[in-house]
Structures are given as C-alpha cells and as structure tokens.
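A.B. asks: For reference, the structure I am asking about is given below.
Number of protein chains: 4
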Amino acid sequence: MSGNTIGKIFCVTTFGESHGIALGGIIDGMPSKFPLNEEDIQKELDKRKPGKSIYTTPRKEEDKVKILSGVFNGLTTGTSIGIIIENKDYKSSDYENIKDIFRPGHADYTYYKKYGIRDYRGGGRSSARETVIRVAAGAIANKFLLEKYNIKIIAYISQIGNIICNNDIDLDFIDKNPFFITDKSKINDIDLLIRNIKKMGDSIGAKIKIIIKNMPIGIGNPVFDKLSACLAYSLMSINAVKGVEIGDGFSVINQLGSENRDEIKDNIFLSNHSGGILGGLSTGQDIIINIALKPTSSISKECNTINIHNQNKKIIIKGRHDPCVGIRAVPIAKSMIAITLMDHILINHSQCNI
Amino acid sequence: MSGNTIGKIFCVTTFGESHGIALGGIIDGMPSKFPLNEEDIQKELDKRKPGKSIYTTPRKEEDKVKILSGVFNGLTTGTSIGIIIENKDYKSSDYENIKDIFRPGHADYTYYKKYGIRDYRGGGRSSARETVIRVAAGAIANKFLLEKYNIKIIAYISQIGNIICNNDIDLDFIDKNPFFITDKSKINDIDLLIRNIKKMGDSIGAKIKIIIKNMPIGIGNPVFDKLSACLAYSLMSINAVKGVEIGDGFSVINQLGSENRDEIKDNIFLSNHSGGILGGLSTGQDIIINIALKPTSSISKECNTINIHNQNKKIIIKGRHDPCVGIRAVPIAKSMIAITLMDHILINHSQCNI
Amino acid sequence: MSGNTIGKIFCVTTFGESHGIALGGIIDGMPSKFPLNEEDIQKELDKRKPGKSIYTTPRKEEDKVKILSGVFNGLTTGTSIGIIIENKDYKSSDYENIKDIFRPGHADYTYYKKYGIRDYRGGGRSSARETVIRVAAGAIANKFLLEKYNIKIIAYISQIGNIICNNDIDLDFIDKNPFFITDKSKINDIDLLIRNIKKMGDSIGAKIKIIIKNMPIGIGNPVFDKLSACLAYSLMSINAVKGVEIGDGFSVINQLGSENRDEIKDNIFLSNHSGGILGGLSTGQDIIINIALKPTSSISKECNTINIHNQNKKIIIKGRHDPCVGIRAVPIAKSMIAITLMDHILINHSQCNI
Amino acid sequence: MSGNTIGKIFCVTTFGESHGIALGGIIDGMPSKFPLNEEDIQKELDKRKPGKSIYTTPRKEEDKVKILSGVFNGLTTGTSIGIIIENKDYKSSDYENIKDIFRPGHADYTYYKKYGIRDYRGGGRSSARETVIRVAAGAIANKFLLEKYNIKIIAYISQIGNIICNNDIDLDFIDKNPFFITDKSKINDIDLLIRNIKKMGDSIGAKIKIIIKNMPIGIGNPVFDKLSACLAYSLMSINAVKGVEIGDGFSVINQLGSENRDEIKDNIFLSNHSGGILGGLSTGQDIIINIALKPTSSISKECNTINIHNQNKKIIIKGRHDPCVGIRAVPIAKSMIAITLMDHILINHSQCNI
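One line per chain: the protein sequences are A, B, C and D, in this order. Under my numbering, the first residue of the first sequence carries the number 36, and numbering increases by one thereafter. Under my numbering, the first residue of the second sequence carries the number 36, and numbering increases by one thereafter. Under my numbering, the first residue of the third sequence carries the number 36, and numbering increases by one thereafter. Under my numbering, the first residue of the fourth sequence carries the number 36, and numbering increases by one thereafter.
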C-alpha cells in the first residue's frame, strides 16, 4: 500500500488496524514553540469515541492518546510528532466466521483482490477505526488554526435519511446533542428514526455541512492543488463519503451566471454561491461544504455475497456497528478540513512576494 | 504558486496563460515503447477547441500541439514528454478596461489578493484555456489506458439548466453533437435554451456524467489516496466544478444500508450503488461519477464589483465567452480521469505481492 | 520540521527523540504477502545496538522492536507498517548542565537558532539514536531485496583514523568482529587506536565501504532522481557523514577518459570505475560506494563554546559516547542503501514498456 | 521515466533531448512580484554555452531562452514559469554509426537495457545538453537568493588532472578565464594540459569547489531532508559527478574529534570543518562543498564495446566533445545549489514558530 500520507508541508502519516495492537501516526511539519499536550488531542478524540450513546456502536474504546515525541516542556519542538492509541476492547472472535467471506459494501472484496490477503478482524485497515488518528492529527491542526488565525471549523449533521434540519440554527448546540445537529426541533424525529433503523437491523445515510469561519484570503493554489480540490480529496478519503459540494454544489446546474456570480460592493461580497473559493483560492468569506455519507454496510439483515472461493453465501453481519455512520463522521470531517487547511496555510507562507 | 503538478508516478506539470506566448506541459512517467504521435493528441484537442459551434466561445484557436521530446521514431522513450501549444487568436486589448477591476465569479480578486499582481489578459492562468494542456496530457494517458487495458472513459452532459437528459441512451451520439449528450431527443430543447441564454447575455450551469468501463480490480489505495479521493481531487481542480459524486452520491443520504450495499451473487455484483469503488479501491464494476459545473461568470449583464482601490464599480464583461462552460468541460473531465487512472495503474504495478 | 520521510513509493517516516518515551516509524508501500516478523528486524537492530562492546557507547538499550500493524499471520498485508522501540536506559539528568549551552560539532546551535527551542536531553532528535528506526526499516527492505532479488548489501569499515584496511579480504568476518572490518590483520591496531582515543577523551573518524551485489540492470532514473543522486542523499542524511563517493569517486579527478570509461567485451564490463551506475541507472555490476564519517563531537576534552545568551563558556561533555561513531554507522549505511534501493526497484516496476 | 522534477516547494521539471526540437522546463513555486526577464537567464546560459573556447566542445548553440509564462510586465506573477530553448546546431548524422552500439562510460547501455529503446542522437536525454535548463532555472533561483538574501554562490575549478590550484585566490578572476579558476598562476599549466589531452584524443577529470556566502542560519531539515543530503542529491544528479564532500569531507576520516568540532567564541565559530552545516541545518558560516567530475567518456581513442546484439565491437567516438567536462560543469553546479537552496529557504518560511 502507499497513500497513507496526506499533505505536502504539514504531513500526516498513519498506520493501524481495527483489531491490531495500536493505531498511530506521525505529524511532520508542525511549527515549533506551539503549546500542545495530550489533553488538547484527547478532548477531540472523546467526541468521536465509539460507545458514547445508543446511536453509535457499543464498542468501548478508551482511545487514550499518547504523544511520543515532538513536544518538550509543553511546547512543540518542530520535530515530528509521534502519537499512538492502543486498542483495548476488540473481540476478534466476532470475525472468525467472516474470514473467508466478503461483506457487501465493504472493502473486503477489493482488499483481497488487490493484496491477496486481508486482515479480516474488524475490517483491518478499512475499519472506521482508522480515522481515530485523523482526529488526533486534526486536533493539533485545529488548535493551531484557531489560536494563530482564529479560524473556526464548524461541522454538523444537516440531514439524516429524509429528516432535513434547519441549518445554522444554534451552533453551540452541536456539541450538546448526540447527533451533532444545530436544530433542536429535530432531535425527537432523529431519535425515533435511529431507533427504528436499529430495530430493523438496518442503517441510514447522512449529510454533513461544514463552515469554515475567518479564512484568510488567498489560501490555496490556482491549478491542480486548488483549495477546493484538496478539500474534496481529503473529505472523499473518509470512509463512506460519496459526494462533496463546495458552495452551491449541484444546485449550480440550474443557476444562471447572473445569479451565481457573487457581486461585490463596499468591499464585501453580496452573496456566497462560490462557497468562499474562487479560482482555487479562498475569498475570505466563509467556506461552505456539504458531504454525503452512505449508510453503514455492516447491518444484521441477511444478504447475498460470495466467499474467496467464489461460492455464493448468505451473510448476516454481527459485531457492533453504527446505525448511522454519518454521525461519528462529524469530528472526522472537521479533522480532515483542519489538516488540509493547515497544509495550505503553511505553504502560503512560502508563496507570495517575500 | 505551486500546485501545477498532478500525479506521483505519472506526473503532469503545466504552464501558460490565456494570452501568453504559449501553453505547455511536461508528462513524466510515461512507460517506454508506446506508440505516440501528435495526431493522437490533436484529435482530443479538437474536441475541446473553442469556436467549434455557436454554443461555445467564438475565440478561434488552432490549438496545434507540438511534441518536443520523449518520442523517438514514433515510440515513447521513457523520458519526459514536453508539449507546447502556441496562442494565436488572442485580443488582449479586450481586457485593458478590466485591468484594475475584479470580475465577480472570477479568480481576479483572489489572485490579486494573494500574489499582489495578476495577468488580467483573458484571465491569465485562471482562464479555462489552461485546460488545453490537461486535455493533451489526458489524450496520452487515455490512449495508453485504452490500448493496454481496454479501459474506456465515457463522459457526457447529462443536464443543462433544468433540462435533464435521459442517460446512456446512445453513447456513440456523444461525439456527434455539439452538446456531448447521449439523448438525441433533447437536442432541440438544449439548442433553444442556449440561444436564449446567449441572447440574454447570461450563462447556465451543467452536469456531466462519467463512466469508466473495463476497470481492473484493486486500483487505488486504502487510506488517504483512495481512488475516489484522487478522482474527486482531479475533477474538482477543473475550473467551475462545484460538486463531485461517486456512485449514488448525495442520494445515499436517504438510503438504507440494505438498499445501498451492493450484494454479490454468482461472482457478480447485483447493483452498483458504490459507483465501482469500495474502500478506496476499484471493484471491477463501471466507475460512475457525476460533477456539477457552475455557469460562466463572464457574461454581458452589468453587475456590481470593486476595483483594486476598493472603489465600487459597475462592470459589463466583454470578450468572447461560453454560454455554458460545462459543455467544453466534457473532454477536460475525461482527461483528468485518464491522468488520475494512469497514475494509479502505474503505482499498482509496484504494490502487490511482487 | 519537515523532511522526516524518505522515499516515493516505499516511504519511511520516523519520529522520536533520544530521551523521549519511544522512537517509531511507519513503512508505507511494502508489497503484500511477504513473510515478516519482529525477529527479522530485531537481528539487524542488535548489530547497531549501543553498549555491545567497549568500543561503543556504554548506553544499554534493549532496542526491542514491536510491529504494531501491517503484518497478519506472519505476512505483510500491504497496509502501512507501524513500528515502535521504547527508550529504557536514558539518564536525562546527564544533560541538565548543558541545557543552555551549545555543544560544538552538534546540532544544538542550529536547532536552537531555527526552532527557538530544543530538546537538549541526549541531543533530542539529532541524536544518533534516531537511526534505530532507519535500521528497523532497512531490515525490512533488506529482507525483501535479498529474498526477492538476491541483492546483497555489504558494508564494512575500510579505514579508521590512519589505519587503512585491506578491502574485501573476508566478507564473512564483518559480522564477527566489533569493528565491522574484513581485514583480520588490522584488529589489533584498531583496538589499540580506539583504546588510546578513549583514554585521551577524544574520538576519531572512519570510512565505510559499501558493495551492492546482484543488482538488476536499469534501476534508477536518468535526470534528477538518478540512483547515484538518491543514494548520495540517503547516505548524506546519516549523522556525521561528510563525503560520498560512487565508484572511483575523487580519484576520477586525475584520470584520463581512456582509463575511466569501462570497456565492454563478451558482454561483460572489463572494469568498474563507474561503481555500477551509468547515467543514473544501474549497470548490473556491483555498486561501489565510499562514505566518510567525522569523529564524534561529544568528547570529554574541554573546549570553547557559547550559551544561548551568547556568553562564552568552557564545556566538557559528559554522558556516554562512541569513540568512533563510524563503527556503529555500518548497519545504518546498509539500511539507508536498502531503503533507497527498495524504493527505486518498486518504482521500476511502473516504468518500462508495460 | 520519472524523476525529472527536483524540489518540493520550488519545483523544477525539465524535458528535452540533445538533438530534439527543443529543451524546456517549468519552474513552479516562484514567489510573485519578483523582477525577471530573459536577459537575467541568458547571461548565466552564456557562461555554460558550448563552443566558447577551444577548451570545450565546438558545438555552436545560441542557447536563446524564451520565457513563455509566469512573468507579466517584468514581474513574476506567482504562476508557473515555462521556459524553452530550441536546438539549432545539431548534426544527428554524426550518430547514425553508433545507433546500435553502446559507448563505454555512457548511459547508452543502461538506457537501452531499461527502456528497450533509446534516442541515440547525441546521447538523447543523457547528454550534458540536458543541463541547459538546470542553468536557466538556477539563474532564476540565483537572482532571488542574491537580491532577497544577499546569498552568493561561488563555484570554481580547483583541480584538473594533477594540477591543483591554490584556492580562493581571486574570486573575480573566475568569470574572466575559460577554466573558471581563481588562481591565475595555473592558467598556462592547464592550457597546456588541455591541449595535450585534446591532441591525444583523450579527456581528463576535474574538481569543483563551491562556497555559499551569507547563508541564513537554520536552513534545512534535521533528519532525511538535511541541507547536506539535499545538496549531495542535487550535485550528484549532474552528469559525471562521482563524489561530493561537505566541509572537510574525506579528510575527517583521520581527524580527532577535538580537531574537527568547530569551537565557538565571542559568538563566532573558530573554524569551519563542518562546512557550514550541523545536524542538517546551516550554521550561518560559509557552506563549503567539493565535487569530483569524471573525464568525458566521448573520446576519439578506440576501445572495446558491444552492440545491442551483444557482439563485440571496436568504437571510436566522433562528434564534438569537451576534453574536460568539469569546466562546463561549474555553472551547472552553481545552478543546482541555487535550486536546492531556494527550495529550502521557501520551506523554511513555513516551519518555525509562526
């Protein structure tokens, strides 16, 4: 495999399987003398942690992060930061029965066909558990962006199944409810939906909205490494993400140019159809992104599949799973945004008339 | 600037402004002994060429490509391939009046804020003209993918404004109509729409569908450099693209897991909601992608903006522009797909149990 | 910091300070289904281990490696391999007295000036201890090169101070003596020299010769990423290396072209002045490299320096140090060669007429 | 091929064969608003130009550079800079007789074995002519380093064959003599040597010394991407370079630690054995480098070789060649240094406590 590294100047490289000894990562490119401790990371991990509520997988992981290097006396030294999170509550025995079978909707089939081998325990590297290190790295980037640039990355669930939340109602509410929504009025509907889905042994998709506030102007690159392109890449690299929109996204198909272009007056933009990015560079407006997450494929409803010998099989997936994987993707999406922004902002320091 | 290179093993680097002397690129990583000549590239360029019909910008460019290196006696040598396309029909005088003014919806504002300088003639590097080299490089990748792997990349317009085409009707029709659609029955509607839009001095958005046929299984990487992530990156790097969907895309939000996961029986997938990518790797099914393109911002309707001195201005954009930039984006999208696939396929040669 | 990653397809990223909790690394790009266990790595680490003889630093480190991911049932899975080595025998108190003082010949001064902070305990990231992960990663690459390609990398001390060994006398002897030399007849001289140097509280430089046997032809790239350039890079990245020669190295200055060019007859080269690399690509002959290592700067002789307040100071460096750091660099050099070759060989799979 | 790009933030990518239509390159990452025109580049190219004196190849190339993009009204715009140099005086007919024969000491054999094809005309991509674009890119970097940081890169011939020049005698003399030496007293000896070598139909090696003045402190990276490692890489990527020394280089083998470590007093280093780099970072002292260049392999003395059918052949190389390729390597070495420094200095802007 390659492709376990993201970033050019702020580089995050990760390792680890769902049921291995530990997951970990290396954050390279962190500027020096920045205050950092394990608690800064832990509090973000706790938001993503499984087993937090009945709406997510009951797997209980402490997800205790350890910083192994790169921080001295509470400050980053400029050297690479090694982090590690040990796995505790894994039951690999749950997976013995599927070791030769490809779970539909999962990476089992493609991993096996590519590598000729796969760590089937809990999905191995393809497990959503892989994202724990993304969140840890994102916490570092996020702290830096907030403290040095006052950049705020807000992410919340804007839709689950057919329940469409009113957006941006109460941003403070996001961290106070198990669904990461801003619209208190939808709590009961979603609660009911998730309970039903769970009872059916099924799962449901979701939509996440992301808003980046206080963006400096001119972050990004004009051609291939556009800020929009790099954000799409980093978000699409999250398991289960199937769509990314910047600004008006797919709505632009039926817009007129006169409607879509954001006019400027008195030094401010009169609208934000672009989602805060023009020509691959940030405009200084809020950056607006939407992503779509597919329903968890691990459900307890029986279905058709084949095994590694190409024999037809029926499968019911046991184990502990999220009825709506989109919910726990909120802090992950936020982290990926932070990692990508951090990289672009550091690159920006080397680009303009020095 | 940085970010003018795409790819890790099959690397494409480009340069060139809309009204500069020439645009060009370097294709590095091309395997040796592959038959290649200028005509192979030229025929793809001709599809993208401006001035082909009344539906696109009347700028007339020959877009004559020259291969400067890397090919000897009709075969690639394995060395880097230099290509160049000279600019001919540019009228920079059209742009003198906007040299201090930011055209809304364009990169003028962000480039100027970032770099403190911009080549305002025709949009400089931010012009859609930049994509001519993408198409040239894509033509090389495309030929290789087709001849060595029989991979076919099909791209067509599936929607313009509110006119939704029936999909996949007649793929041979794509290259026989000026809108790159497959649905003959919509020709008149679209013709009328574009003429109206043009008369109004306005523009309209579009949607492109992409299908990749005959994909080998296992192409891609499992974590950050997922095939889906890299495709989203390369497509989002095209000017005007505001949304990318893989497979069912945003429809997954309201799908159940039991509906979305693609069951397998008799060694074939029973559906393709995933769009041919699971866990970041190709499944061997068709890869299905949709992208949204915003309406051209250069329109002749007056609007509000500011100049570099932050003074309010009214602007009417003259010059020659596409009423629907989405149409000409079809060969560009196809090229970006080809470049990205080529990179992943070459990387794949170095990954599995050797 | 950035630059903690080496390689393009076979990527090694490392972290860790001399007196931190642990050192570790991520090896990304390892082909799948290759047999690998901790013992494969451990046996190479044991060669580099400090405290092995009176000729090296008495610091006692178990250097017990743990593989945290990427291996399943004794085979690589193709996913990124996380490795970790905990620090045990560190006495940071040894270093409190030098926390504000720059040790001459060390990175103290430059790290402090660059980052505004440094982990002074044992040299932090600049310690030779950093190389333990290089050796671990190199062990993996080395095993692959040997088993899949029969490539053998031999490295030995060819000179210490003014004692010049006869080369290539007995390659089996290398691992049987504490100096990694091939020339048994020089054991006593070197033993005496090192004891004297130690008694004087001083240190001495060394030269390492490297021979790569059974190289495939055509490995490398023609322009910037020449095999020679990449080997020079990877060797010069080892602490204390101050010179690199390929083939005849500095001797070519006074050679005639008629003497230096390696003639070919009966399909074999009649000489090997080139050191097995022509035009950046391997010729299939043995690759021959020499490197020069400076004497350890940490010695117990007093010298002049300044502290962080620019005040003149006298310093005597305590702690436990190698009288000839070159000796322990032998397995490190071998590892860097293996890592670089591995990367080039994997890249080669994607380059030629496929 | 891959590997035609150097640099991470300041990236130079090149193409072109000796007898192709043109050579060219793309410089990406140049900061904006920097004054640049073709004359800035041309004057450096003129120093490298063949046919300047009887001591170098009589091939006459105008080497007229054209800037195709990235500069507007005399200032860089921050976009990628495309440059091109057309080939004029090539006589490919000279090479028809060697099209199936491998010239000893050349890349003919390795290119053919790797790629299965080679452009034999003038050595194709392996020709020293490839370096013309390095010099052009280096000229841009050099101008920036000088004007923004007052960094001066000095390179000169310090030895040809057995004639060892006294160093640093008269730096102004370098550009006033055809050998790029500083020691006027050796002019006649070298002149005589070169004439003799030429008469014999042979060639001779050379040594180049490089001094970088006014280096900022702390440029570089601590682990793999050490400044020393990156300089070694970029210099070893020049055709014919077989050895690189930083500071005392191979002399350190027989030095004591007490002699080698550079003591510090009154805020200055008392010596410069390190060559201005400690722990991979610049110390602020002069950076001192030596490189060794092998004698040209293209000489008119007959020798043994084989052809592509493995048949023994005798060969006499015609065509126009340098009796001492080291001489023309002086501006090339300077350029590679400039390109590498530029990259590291731009990266440095993103690294430290921001």
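Virtual Cβ for every residue (Gly too), placed ideally from N, Cα, C.
Return yes when the Cβ of D:A190 is within less than 9 Å of the Cβ of D:I372, no when it is not.
C.D. replies: Position 337 of the fourth sequence, counted from the start, is the residue given in the question as residue 372 of chain D. Position 155 of the fourth sequence, counted from the start, is the residue given in the question as residue 190 of chain D. The answer is yes: Cβ separation under 9 Å.
A.B. asks: Rounded to a whole number of angstroms, what is the C-alpha to C-alpha distance between C:M36 and D:N383?
C.D. replies: Residue numbering aside, residue 36 of chain C sits at position 1 when the third sequence is read from its first letter. Residue numbering aside, residue 383 of chain D sits at position 348 when the fourth sequence is read from its first letter. The predicted model places C:M36 with a pLDDT of 47, which falls under 50 and marks its position as unreliable; any figure quoted below should be read in that light. Going by the C-alpha atoms only, they are around 9 Å apart.
A.B. asks: I'd like the list of long-range same chain contacts for B:K336, defined as Cβ closer than 8 Å, with 5 residues on each side in sequence excluded.
C.D. replies: As a first step, residue 336 of chain B is located in the second sequence; it is residue number 301 there, counting from the start. Around B:K336: M235, G236, D237 and I351.
A.B. asks: For B:T112, report the span of its beta strand (DSSP E) as first-last.
C.D. replies: Residue 112 of chain B sits at position 77 when you count from the first residue of the second sequence. From DSSP, B:T112 is part of no beta strand (DSSP E); its letter is neither H nor E.
A.B. asks: Find out if the Cβ-Cβ distance for the pair D:G158, D:D135 is shorter than 9 Å.
C.D. replies: Mapped onto the fourth sequence, residue 158 of chain D falls at position 123. Mapped onto the fourth sequence, residue 135 of chain D falls at position 100. Contact: no.
A.B. asks: Taking C-beta pairs closer than 8 Å, name the residues in chain A that C:D154 reaches, listed in chain order.
C.D. replies: Counting from 1 along the third sequence, the entry for residue 154 of chain C is found at position 119. Result: F107, T112 and T114.
A.B. asks: When we look at the beta-carbon of A:L227 and count the other beta-carbons within 10 Å, is it buried (16 or more) or exposed?
C.D. replies: Residue 227 of chain A sits at position 192 when you count from the first residue of the first sequence. That one is exposed.
A.B. asks: Any idea if A:P31 is buried or exposed, counting beta-carbon neighbours within 10 angstroms, 16 or more meaning buried?
C.D. replies: An answer regarding residue 31 of chain A cannot be provided, because it is not within the stretch 36 to 389 covered by chain A.
A.B. asks: What three-state label does DSSP hand D:M36 in the structure shown?
C.D. replies: For this step, residue 36 of chain D is matched to residue 1 along the fourth sequence. Only weak support exists for where D:M36 lies, its pLDDT of 47 falling under 50; the value from the coordinates is given anyway. If DSSP states are grouped into helix, strand and coil, D:M36 belongs with coil.
A.B. asks: According to DSSP, which residues form a beta bridge with D:P70?
C.D. replies: Position 35 of the fourth sequence holds residue 70 of chain D. In DSSP, D:P70 forms a bridge with D:L110.
A.B. asks: I'd like the list of long-range same chain contacts for C:I216, defined as Cβ closer than 8 Å, with 5 residues on each side in sequence excluded.
C.D. replies: Position 181 of the third sequence holds residue 216 of chain C. Once the five neighbours on either side are set aside, the close Cβ partners of C:I216 are Y191, I192, S193, C200, F208, I209, I222 and I225.
A.B. asks: Going along the chain, which residues of the region 61-77 of chain D sit with their C-beta nearer than 8 Å to a C-beta in chain A?
C.D. replies: Hits within the stretch, in order: G64, P66, S67, K68 and F69.
A.B. asks: Closer than 7 Å between beta carbons: that is the criterion. Which residues of the region 369-385 of chain D meet it against chain C?
C.D. replies: Taking 7 Å as the Cβ-Cβ cut-off against chain C, the residues of the region 369-385 of chain D that qualify are I382.
A.B. asks: So which residues on chain B does C:C387 lean against when the C-beta distance must stay under 9 Å?
C.D. replies: Start at 1 with the first residue of the third sequence, and residue 387 of chain C comes out as number 352. Simply P66, S67, K68 and G113.
A.B. asks: Could you pull the DSSP bridge partners for A:C313 from this structure?
C.D. replies: Start at 1 with the first residue of the first sequence, and residue 313 of chain A comes out as number 278. Per the sequence shown, residue 313 of chain A should be read as Leu rather than Cys. In DSSP, A:L313 forms a bridge with A:L316.
A.B. asks: Please confirm if D:N39 has its CB atom under 9 Å from at least one CB of chain B.
C.D. replies: Counting from 1 along the fourth sequence, the entry for residue 39 of chain D is found at position 4. So yes, D:N39 belongs to the interface.
A.B. asks: Since A:K233 contacts A:P358 with CB under 8 Å, what's their CB separation in whole angstroms?
C.D. replies: Within the first sequence, the letter at position 198 stands for residue 233 of chain A. Within the first sequence, the letter at position 323 stands for residue 358 of chain A. Confirmed, Cβ separation roughly 5 Å.
A.B. asks: Using DSSP bridges, identify the partner residues of D:G255.
C.D. replies: By 1-based counting over the fourth sequence, the position of residue 255 of chain D is 220. Partner(s): D:L316.
A.B. asks: Specify the secondary structure class of D:F285 as computed by DSSP and reduced to three states.
C.D. replies: Looking up residue 285 of chain D in the fourth sequence gives position 250. If DSSP states are grouped into helix, strand and coil, D:F285 belongs with the helices.
A.B. asks: Indicate whether at least one CB of chain C lies closer than 9 Å to the CB of A:E52.
C.D. replies: As a working note, residue 52 of chain A is residue 17 in the first sequence. Cβ-Cβ to chain C under 9 Å: yes for A:E52.
A.B. asks: Can you give me the C-alpha to C-alpha distance between C:I323 and C:G311, rounded to a whole angstrom?
C.D. replies: For this step, residue 323 of chain C is matched to residue 288 along the third sequence. For this step, residue 311 of chain C is matched to residue 276 along the third sequence. If I take the Cα positions, the gap works out to 7 Å.
A.B. asks: Using a Cβ-Cβ distance under 9 Å, would A:M36 count as near chain B?
C.D. replies: Mapped onto the first sequence, residue 36 of chain A falls at position 1. For A:M36, the predicted structure reports a pLDDT of 47, less than 50, and the residue's modelled location is therefore unreliable. The matter cannot be settled from this model.
A.B. asks: Would B:E294 pass as a contact of A:P330 if the rule is Cβ separation under 9 Å?
C.D. replies: Position 259 of the second sequence, counting from 1, holds the residue named residue 294 of chain B. Position 295 of the first sequence, counting from 1, holds the residue named residue 330 of chain A. Their beta carbons are under 9 Å apart, which means B:E294 touches A:P330 by this criterion.
A.B. asks: With 9 Å as the limit, tell me which residues of the region 258-270 of chain B have their beta carbon closer than that to any beta carbon of chain A; keep them in chain order.
C.D. replies: Listed in sequence order: V258, F259, D260, K261, S263, A264, C265, L266, A267, Y268, S269 and L270.
A.B. asks: So which residues of chain D does B:R160 contact, with C-beta pairs closer than 7 Å?
C.D. replies: Counting from 1 along the second sequence, the entry for residue 160 of chain B is found at position 125. Correct list: T114.
A.B. asks: If you reduce the DSSP assignment to three classes, tell me which class D:E280 lands in.
C.D. replies: Here residue 280 of chain D corresponds to residue number 245 of the fourth sequence, with the count starting at 1. Strand at D:E280.
A.B. asks: Pull up the distance between the alpha-carbon of C:K78 and that of A:S385, whole angstroms please.
C.D. replies: Residue 78 of chain C sits at position 43 when you count from the first residue of the third sequence. Residue 385 of chain A sits at position 350 when you count from the first residue of the first sequence. Rounded to whole angstroms, C:K78 to A:S385 spans 44 Å at the Cα level.
A.B. asks: Which class does D:K121 belong to by DSSP, given the choice of helix, strand or coil?
C.D. replies: By 1-based counting over the fourth sequence, the position of residue 121 of chain D is 86. A quick correction: the sequence has Glu, not Lys, at residue 121 of chain D. The answer is strand: DSSP assigns D:E121 an E or B state.
A.B. asks: Straight-line CA distance for A:K178 to D:I239?
C.D. replies: Within the first sequence, the letter at position 143 stands for residue 178 of chain A. Within the fourth sequence, the letter at position 204 stands for residue 239 of chain D. Whole-angstrom Cα-Cα distance: 59 Å.
A.B. asks: Tell me whether D:H344 is buried or exposed, calling it buried when 16 or more other Cβ atoms sit within 10 Å of its Cβ.
C.D. replies: The residue you call residue 344 of chain D lines up with position 309 of the fourth sequence. Exposed, since its Cβ has fewer than 16 Cβ neighbours within 10 Å.
A.B. asks: Straight-line CA distance for A:A241 to A:I120?
C.D. replies: If you number the first sequence from 1, residue 241 of chain A lands on position 206. If you number the first sequence from 1, residue 120 of chain A lands on position 85. Spanning the two alpha carbons is a distance of roughly 28 Å.
A.B. asks: Which bits of chain B does C:K43 rub up against, with CB to CB less than 9 Å?
C.D. replies: Locating residue 43 of chain C in the third sequence gives position 8, counting from the first residue. In chain order: K43 and I44.
A.B. asks: Could you name the residues of the region 171-183 of chain D whose beta carbon sits closer than 7 Å to any beta carbon of chain A, in the order they occur along the chain?
C.D. replies: Those would be K183, in chain order.
A.B. asks: Who are the near neighbours of A:M43 in its chain, counting only those whose CB is closer than 7 Å to its CB and skipping five residues on each side?
C.D. replies: As a first step, residue 43 of chain A is located in the first sequence; it is residue number 8 there, counting from the start. Correcting the residue type first, residue 43 of chain A is Lys in the shown sequence and not Met. Same-chain partners within the cutoff: D378 and I382.
A.B. asks: Nearest CA to the CA of B:I254: which residue from A:I204, A:N342, A:Y146 and A:I247?
C.D. replies: Translated into positions along the second sequence, residue 254 of chain B becomes position 219. Comparing Cα-Cα distances from B:I254 to each of A:I204, A:N342, A:Y146 and A:I247, the minimum goes to A:Y146.
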